[in-house]
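As structure tokens, the structure follows; a few thoughts come after it.
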Amino acid sequence: MRKREYIVPIRLPYTRIRSVIEIENGAVLSFVVQLEYNVAHSPSTLERWNGVARFDHNPKSAEGHDIRTEGLHMDIANPNGPDQRAWGFPDVPVNRAVDFCEQYFRANHERLTKQFCKQWGFERWNLPNRR
């Protein structure tokens, strides 16, 4: 089994996508694709990434999801309790799901990040550059 983790910058230093994939013999066993927002507010702390929303597939975990039986859904961070779930995504084969999820976040990162900042009490979703 091979585990691969990588970051896809969206709008640095503010937003990025972090993907973690476990592959065996060319088949995706599990994955997490997460949209993250940098909540660091001071020049001394340049990076502090929080999850905004995520897609995941991990059928072997007790708390995991299997997109083949449950369908693809997105967990959205909620400051007032459990994550919210968004359903209604198309059926996507497991081996193509990571690409689909990354493309979804690229296309929708601004809306999701603005919603995250409003719910979590950040005044602006696009803070000034920190150096």
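What the sequence shown shows, in the working numbering, is residues 1 to 131, in sequence order.
The beta carbon of each residue, even a glycine, is placed where N, CA and C say it ideally should be.
Remember, predicted model here, so these are calculated numbers, not experimental data.
According to the DSSP assignment, ALA97 belongs to the alpha helix (DSSP H) that extends over 94-120.
The stretch 26-88 contains, as complete alpha helix (DSSP H) runs of 4+ residues, the segments 67-70 (chain order). Beta-bridge partners of PRO9 (DSSP): ARG16. Each residue's CA atom was taken as its position, placing ILE10 and ARG96 some 20 Å apart. GLN84 counts as exposed, since fewer than 16 other beta carbons sit within 10 angstroms of its beta carbon.
The C-beta separation of ARG54 from ASP75 comes to about 5 Å, placing the pair in contact by the 8 Å criterion. For GLU36, the CB contacts under 8 Å within the same chain, skipping 5 residues up- and downstream, are THR15, ARG16, ILE17, ARG18, TRP49, ASN50, GLY51, VAL52 in chain order.
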